[in-house]
Amino acid sequence: MRVIKAIIVTAMLGVPAASAVAQDRADPYAHNAIEAGDFTEAETSLRAQLALEPTKPELLINLAAIYARTNRLDAAQAMYARAMQAENVSLLLRPDFAQDSHVIAKRGMMKLERQRMAAR
């Protein structure tokens, strides 16, 4: 049985996406900071939450997208790879659209390759 979880993925993945600390359970995936473009705050929050839940796909994918948006492509690739090794869960991207975490991570990796090619 597949579990559906809610997540907001950053615009880097083509889907519209603050907590100052990860323990803010109202925003565990740093949605508000990401949406506001405060990637420093979002990264701090996600890294702290990831220390508590190191295999949570929502955290790995959002942190990977932040790394990609801030041109840290190797770090982004490492987070997407970790998301691919984590449990494949269905993530609610919008109220009417869900997608598997592995599909999202693969798509993120493909976008990283395009970023690398464009930078050459």
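According to mature numbering (1 follows the signal peptide of the UniProt record, and there is no 0), the residues represented by the sequence shown are -22 to -1, 1 to 98, in order. The beta-carbon is built from N, C-alpha and C at its ideal position, and this holds for glycine as well.
query: Residues of its chain near Leu41, where Cβ-Cβ distance is below 6 Å and the 5 sequence neighbours each way are ignored; result: Leu24, Met57
query: CB contact below 8 Å: Ala20 versus chain B; result: Judged by its chain identifiers, the structure shown contains no chain B, having just a single protein chain.
query: His80 versus Ala64 - alpha carbon distance; result: 8 Å
query: Thr33 versus Ala54, Met62, Ala11, Asp16, residue with shortest Cα-Cα distance; result: Met62
query: Residue environment, Gly15, which counts as buried when at least 16 other CB atoms sit within 10 Å; result: exposed
query: Nearest-angstrom Cα separation, counted from Leu69 out to Asn49; result: 25 Å
query: Within 8 Å, strictly: CB atoms of Phe75 and Ile44; result: no
query: Helix, strand or coil at Asp5 according to DSSP, with G and I counted as helix; result: coil
query: 8 Å contact criterion, which Ile39 and Ile82 should meet: CB distance rounded; result: 6 Å
query: Secondary structure, alpha helix (DSSP H): runs of 4+ residues fully inside the stretch 17 to 46; result: 17 to 30
query: Cα-Cα separation between Ala20 and Gln27, rounded to whole angstroms; result: 11 Å
query: According to DSSP, residues forming a beta bridge with Gln77; result: Leu69
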